[in-house]
Each structure stands twice: as C-alpha cells, then as structure tokens.
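Read in the numbering used here, the sequence shown has 127 at position 116, and its numbers run on one by one without any break. No residue lacks a Cβ here, since even glycine has one placed at the ideal position from N, Cα and C. Bear in mind that the values here come from a model prediction, so they are computed numbers and not experimental data. Reviewing the structure listed below.
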Amino acid sequence: MKLWGGRFSGRTLEEVEEYTNSLKTDHRLYTYDIKGSQVYAQALRKAGVITSGEERKIVSALNRIKKEMDSGSFSFHSSDEDIHTAIERRLVELTGDIGKKLHAGRSRNEQVVLDVRMFMKDAGKELLYSLAHFVEVLAEKAIKYASTIMPGYTHLQRAQVVTAGHHLNAYACALYRHLTRFQDFLERNDELPLGSGALASNTLGLDRRFMAEKLGFSRICLNSMDAVSFRDLLAEFTFICAAIMVTLSRFAEELILWASDEFSFVELPDEMCTGSSLMPHKKNPDVPELVRGKAGGVIAAAVALLALEKNLPLTYNRDLQEGKVHLFSAFDTTLASVNIMCMLVERLEFRRDILAGAAEDWKLLMTDLAEKLVQKGVPFRTAHEAVGKLVKHLMDNKESPVEIRDSELKKIHPALDPEDVKTLCPEGSVKARKVPGGPHPSEVKKTARRLLNLVKAHTKNKMC
Ligand code: ARG
C-alpha cells in the first residue's frame, strides 16, 4: 500500500519503483528523520491534533524503529520509496491508526530538507574539527621546520629563498580559511524548514519556534516556498568541500614531486606508500595521488548540484532528490581526504640537506641584490635591469657571484658593491625577511602559534 495510493487504480511498475527509489542514498538520514518526526508529534499534540497518549505511542514506536535500524534488523520493503516512507510505513505497522496521524500537515518535501539540514550541521562540524586538527598538525610541523631553508617556486621555477615552515604555514592558512567557511555555513544553515508543508505551510497551527528549539535550530525559515525549493545550501557545503579538495590536491601534487628522485625534498612514510607488483624497487605515493584524483569528483559534485537546480520552477521537483547523492559523496571523500593527508603530514620528514643544497642556487638571491641597490637609492626598474645584466653575464661566463671581478661588476652598474654581491647567501636572505607573514624563522613560529591559537577553540569545543 502506498502513502499516496488513494487516487491511483493501477499498480506502479516495478521498474518505476526501482528507478525512483532513493533509499540507497537517504537511509543514512534515518536518525534525523526519526528525531524530526518525534518533535513533529510533540507539535501536533501542542496544537491539539493528537493526544498526549498518542504522542507517547508515536515517540516510543519511533524509538523502536531507530533501534531496528541501528541494529540492521529493520526490514525494508520494495515499495518503501525513501527513508521517510519506510519509517512511516513501519510506524503504522506498529501503532495502527495512531501512526496514521503523524503526517498531518507535513510533507516529505520539508522532511527531506529538514533531515539534510540536520545532517549538514553534524557533517559541517565534523569537517571543521578535522580541519582544525590538520591545521594544528601543520602548524606544529611548521615550527619544527621553521629555520629549514628551501627554495620557493613560481611557475615551478626556483624563485626566492623561503623556509619549509613558511611553506607548510601556507597550507595551514588556506585550510584555516576553509574552516571559517564552515563556520559561516553553519550559521546560515541554522534555520528550521519544518512547518513549511509541501510548499504552503499548514492549517493546523503548529508551533514552529517550539520545533526549532527542540531540534536545535536558532531560527525558522522565513518562507515555506523557499524552505522546500532550494538546494543552494547543499551546493555551498559541497563547494567548500571542493575548495578543500583543491587545496589538498595542490599539496598532494607537491608531495608527489618532492618525493621524486628529481627533488628528493621529503621522505614519505613507508606505512603510507605502496610498492609495484612488477618493479621491486618502487615506493609509490599512492595516497597523495588518490587525493589529487578524488578532487575531480568533488568538484564535479559541486557543479552537479548547481546544474541540478538551474531550470526548476518553484517549488519541489523530484529532480532535487539527486542532490543528496552529490552532497554525501563530496562529504565522505573530503572528510577521508583531510584525515589521510593529516596523517601523512604528521609522518612527513623533510630532507634538510637536500633542501639547503637546492636553495644554494645564487639566482634565488638576485631579487635581494636588486633590493639592496634600491636601498642605496637606485630606482627599482634600474636596479632590476642592472641585476638582470649581471645574471646574464654570470650565466654566459658560467661564473658565480663570488667569482666575478670587481671591475666587471662596476661596469654593469656603479652601485653594485662587490661586498654585497659576494656576501649574498640563503640564510641572509631569509634573515632579511623578518616581516610579519614572511619566511624568517621567528615569523614562521609566530604565524604557526597564531594558527594554533585560532584552532584551539574548535578542538576544545569538539562535540562529535
Ligand atoms: N525522496 C524525496 C527526495 O529525496 C523526498 C521528497 C519526495 N516528495 C515527493 N513529493 N515525491 O527528494
């Protein structure tokens, strides 16, 4: 028997039941659906639609259904279209006519958005805590490698000298920003849709503020049609996941490069790498490669959610059922990726000697030299030109700055001081960059401590 069987004479085709069924996806919402139904029963009682005795019976039958679902003993029927239908069907089995009263004034259109909003509250918090922990791990690593000199890159060409701690803090900052995105998101998601009915609310005088309070929402949705129509919050949640995955994917790409023989900047932990079935010597960075690979799927999920809605008239359309598929897959992939990358970074070792060797390249210090000329009053464009000529001279003659003759230097530009040129070194370059947000070891430590402080609040308040 269908929840909506009254106006139909023919039986639904099995193929149609199968095609339209969403249980595979939405069964994971059952705790939220049951909680929502229990509070809805209380609101019906408050409005005089059911008696206290009926409310008690409904609430306790719903508790029993939850236990059945928790233990896996709940038996789903092929006619259960979705999780909401399955729970209501079982409720009626357990309580008869009393259970049939629960859906008064209510629609699955609002149930599904309620459940998904509750899911996103928990899922958002979970991701927020995982991000907080990852930022912590990165900041601690940054402190450990605060004075480890390495080359910094633009266009994947060696550019200027930085420290490994500075590089790690860059990722910590980006991930912290994603964390704050979830904070903003959770604030926007804090609205109860229940009471919206199918689209036009209800005639039963249900107390929406009461339901909001019971279900942990600080506000109610201001418009019943808005409440059931849109999936922009799912798209937003999924976008944050995609943004996180893009950050992780860039980090993964660097780890893959750094672990190659060509760079040899890092040693990835054996316990997080895999071998080759054919080549006995291989140690492959499969974890970061998969993070990079999975990022595409999460980006696709965000795009799918936007595309899903773009041609829909208000209010509910069945297309919207698909939204959950993308949301859940984005969440699952992102949470697992944040956690595994965090484990990888916890075990990451930089090879200080190789990094220092790579930063020995004198070209990394040429910007510093130009800035020295600027400090002597040479206009920057002129200084840039002069140092550019010096670079060309050194490269043409296969010389290093310590080898060039003083007279040659003066010929290139009179303000080029041999002392300045010959004393250039990576350590000096980093020391000179003692500016807030810069790569100097003490600044790296300051930034890392600031990040640790910022995330402390989140790891302390951990609720799930
Ligand atoms: N399974 C549906 C979904 O996920 C629930 C709402 C169905 N509403 C309806 N009128 N068919 O979107």
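Can you round the beta-carbon distance between Glu-278 and Glu-360 to whole angstroms, since I take them to be within the 8 Å contact cut? Between Glu-278 and Glu-360, the beta carbon gap of about 5 Å places them in contact (Cβ cut-off 8 Å).
Beta-carbon separation (whole angstroms), Ala-312 vs Thr-249, contact threshold 8 Å: Right, their Cβ atoms sit about 5 Å apart.
Are the region 456-468 and the region 178-185 touching, with three or more C-beta to C-beta distances below 8 Å? The region 456-468 vs the region 178-185: in contact.
Can you determine whether any heavy atom of the ligand ARG sits closer than 8 Å to the C-beta of Asn-120, and answer yes or no? Under cutoff, so the answer is yes.
Relative to the C-alpha of Asn-328, which candidate in Arg-75, His-404, Met-256, Arg-119 has its C-alpha closest? Looking at the Cα atoms, Arg-119 is the closest of the given residues.
Take Thr-165 as the anchor and find which of Ser-33, Val-173, Ser-158 has the nearest alpha-carbon. Ranked by how close their Cα comes to the Cα of Thr-165, the residues Ser-33, Val-173, Ser-158 have Val-173 in first place.
Beta-ladder partner(s) of Glu-360, from DSSP: For Glu-360, which the question treats as bridged, DSSP gives the partners Glu-278.
Excluding five sequence neighbours on each side, which residues of the same chain lie with their C-beta closer than 6 Å to the C-beta of Leu-376? Result list for Leu-376: Leu-435, Ser-440, in chain order.
If you scan the region 39-75 from start to end, which runs of the alpha helix (DSSP H) of 4 or more residues do you find wholly inside it? DSSP runs (the alpha helix (DSSP H)) wholly in the region 39-75: 41-57.
So who's on the other strand from His-295, going by DSSP bridges? Before going further, note that residue 295 is Asn rather than His in the sequence given. DSSP lists Thr-285 as partners of Asn-295.
Using 8 Å as the cut-off, classify the Cβ of Glu-92 as near or not near the heavy atoms of the ligand ARG, replying yes or no. Yes.
Under 8 Å: does the beta carbon of Ala-209 sit that close to some heavy atom of the ligand SAM? Although the ligand SAM was asked about, the structure shown includes only the ligand ARG as ligands.
Which same chain residues, not among the five before or five after Ile-70, have their C-beta less than 7 Å away from its C-beta? A small correction: the amino acid at residue 70 is Val; Ile does not occupy that position in the sequence shown. If we look at Val-70 and ignore the five residues flanking it on each side, its Cβ neighbours are Gln-49, Ala-52.
Contact defined as beta carbons within less than 8 Å: I believe Asp-133 pairs with Asp-93. What is the distance between those atoms, to the nearest angstrom? In this structure, Asp-133 and Asp-93 do not form a Cβ contact; the two beta carbons are roughly 20 Å apart against a cut-off of 8 Å.
Check whether the Cβ of Tyr-327 lies closer than 8 Å to any heavy atom of the ligand ARG, and answer yes or no. Yes, the ligand ARG has a heavy atom inside 8 Å of this Cβ.
Under the DSSP definition of a beta bridge, which residues are partnered with Ile-231? For Ile-231, which the question treats as bridged, DSSP gives the partners Leu-203.
Between the Cα of Leu-190 and the Cα atoms of Asp-108, Gly-208, Ala-254, Arg-460, which residue gives the shortest distance? Comparing Cα-Cα distances from Leu-190 to each of Asp-108, Gly-208, Ala-254, Arg-460, the minimum goes to Ala-254.
Is it true that the region 229-237 meets the region 148-161, where meeting means three or more beta-carbon pairs spaced less than 8 Å apart? With a cut-off of 8 Å, the region 148-161 and the region 229-237 do not count as touching, because too few Cβ pairs lie within range.
Taking the alpha-carbon of Gly-107 as reference, which of Ala-381, Lys-68, Glu-147 has the nearest alpha-carbon? Checking every option, the nearest Cα to that of Gly-107 belongs to Lys-68.
Flag this pair as yes or no: are the beta carbons of Glu-66 and Arg-75 separated by less than 9 Å? At least 9 Å separates the beta-carbon of Glu-66 from that of Arg-75.
Indicate the three-state DSSP secondary structure (helix, strand or coil) for Tyr-164 in the structure shown. Looking at Tyr-164 - three-state DSSP - the assignment turns out to be strand.
Hey, how far is the Cα of Gly-116 from the Cα of Asp-195? If I take the Cα positions, the gap works out to 32 Å.
Just the C-alpha distance for Pro-447 and Glu-454, rounded to the nearest angstrom, thanks. Distance between the alpha carbons of Pro-447 and Glu-454 is about 6 Å.
Kindly indicate which three-state DSSP category Arg-169 falls into: helix, strand or coil? Residue state, collapsed to three classes: strand.
What three-state label does DSSP hand Thr-458 in the structure shown? Helix at Thr-458.
Using 9 Å as the threshold, is the C-beta distance between Leu-462 and Val-146 below it? Yes.
So what does Leu-174 bridge to, in DSSP terms? Correcting the residue identity first, residue 174 is Thr in this sequence and not Leu. Paired residues: Ile-160.
Return the chain-ordered list of same chain residues with a C-beta closer than 8 Å to the C-beta of Cys-475, the five sequence neighbours on each side being excluded. With a pLDDT of 39 at Cys-475, under the threshold of 50, the predicted position of this residue should be treated as unreliable, though the coordinate-derived value follows. For Cys-475, where only same-chain residues beyond five positions count, the Cβ hits under 8 Å are Asp-133, Lys-136, Glu-137, Tyr-140.
Leaving out the 5 sequence neighbours to the left and right, which residues in its chain are closer than 7 Å to Phe-87 when beta-carbon positions are compared? Result list for Phe-87: Leu-34, Ala-97, in chain order.
Grouping DSSP H, G and I as helix and E and B as strand, with all else coil, what is Trp-15? Three-state DSSP puts Trp-15 in coil, outside helix and strand.
Uninterrupted beta strand (DSSP E) stretches inside the region 212-265 (no shorter than 3 residues): Residue ranges of uninterrupted beta strand (DSSP E) with 3 or more members are absent from the region 212-265; none lies entirely inside it.
Give, in chain order, every unbroken run of the alpha helix (DSSP H) that is at least 4 residues long and sits entirely within the region 295-327. Within the region 295-327, the complete alpha helix (DSSP H) runs of at least 4 residues are 297-320.
Between Ala-54, Thr-23, Arg-392, His-177, which lies nearest to Pro-450 when the distance is taken from Cα to Cα? Nearest C-alpha to Pro-450: His-177.
Does the structure place the region 222-230 close enough to the region 194-213 that three or more beta carbon pairs sit under 8 Å? Remark: three or more beta-carbon pairs, one from each stretch, lie closer than 8 Å, so the region 194-213 and the region 222-230 are flagged as touching.
6 Å Cβ shell around Lys-456 - same chain, five flanking residues per side excluded: Excluding sequence positions up to five before and after Lys-456, its CB lies within less than 6 Å of the CB of Ile-154, Ala-157, all in the same chain and listed in chain order.
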